[in-house]
């Protein structure tokens, strides 16, 4: 039985739900960060037999420490994520829109609000991120996954049996960020404040 792929609106809801949870749940964010790394990790070594009392332990091999987000180029990843989310709120009122209970509104009312959110958020992405498709082929075209394909940028779905090559259809071209231009946090600025409370005097 072939599993159906989620639609674009469903993928958007999944992405934003994961984004919001990652900001508030450090353990969940850690699991997301290690999803791609798990595929590259070697299997755990077999447990060594117990040593006789008094026997000298063999020297432990040196292990390169993995860089934390704060040590990688680009600075603190969580702070950058908060800065970007703050920009999406400021220009597109994204958080206001997502936090609103829309069950009582008509489709026309939701569509009008979504248009304003779309325009503001689209401008933020254009100003601060260079986003390009992972693949240049048009969606719906025939596609072959060759042996040794990059599993980080190409994800097979449906009935995946045996070894590549796999022949199928390109359902989504994917997105990748080629450049970022996020602003630097000013001294004293708390990036956790995505939008200050407004007080009318």
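Residue numbers (this note's numbering): 395 to 595. C-beta atoms are modelled at their ideal positions from N, C-alpha and C, and glycine is treated no differently.
Query: Just tell me which of 511, 553, 502 and 478 has its CA closest to the CA of residue 493.; Result: 511
Query: Can you pull the DSSP bridge partners for residue 526?; Result: 570
Query: Round the Cβ separation of residue 563 and residue 536 to the nearest angstrom and send it over; I've been treating them as touching at under 8 Å.; Result: 6 Å
Query: Near residue 571, which residues of its chain fall below 7 Å by C-beta distance, leaving aside the five closest residues on each side in sequence?; Result: 523, 524 and 525
Query: Residue 501 to residue 540, Cα distance in whole Å?; Result: 43 Å
Query: Could you pull out every residue in the same chain whose Cβ sits closer than 6 Å to the Cβ of residue 496, ignoring the five residues on either side in sequence?; Result: 504
Query: Counting only the same chain and skipping the five closest in sequence on each side, list residues whose C-beta sits under 7 Å from that of residue 566.; Result: 533
Query: Locate the alpha helix (DSSP H) running through residue 588, then write down its first and last residues.; Result: No alpha helix (DSSP H) contains residue 588, which DSSP labels as neither H nor E.
Query: Taking the alpha helix (DSSP H) that residue 481 falls in, what are its first and last residues?; Result: 471 to 486
Query: Using DSSP's beta-bridge definition, name the partner residues of residue 536.; Result: 563
Query: So what does DSSP say about residue 594, is it helix, strand or coil?; Result: coil
Query: Looking at the structure shown, is residue 511 part of a helix, part of a strand, or coil, going by DSSP?; Result: helix
Query: Compare the Cα-Cα distances from residue 488 to each of 499, 498 and 476 and report the closest residue.; Result: 476
Query: So what does DSSP say about residue 548, is it helix, strand or coil?; Result: coil
Query: Helix, strand or coil for residue 554 per DSSP?; Result: coil
Query: Once the 5 residues before and after residue 486 are set aside, which same chain residues still bring their CB inside 6 Å of it?; Result: 511, 514 and 515
Query: Would you please state the rounded distance, in angstroms, between the beta carbons of residue 588 and residue 483? I believe it to be under 8 Å.; Result: 5 Å
Query: Would residue 479 and residue 576 be called neighbours here (beta carbons separated by less than 8 Å)?; Result: no
Query: Distance check for residue 527 and residue 546, CA to CA, integer angstroms please.; Result: 14 Å
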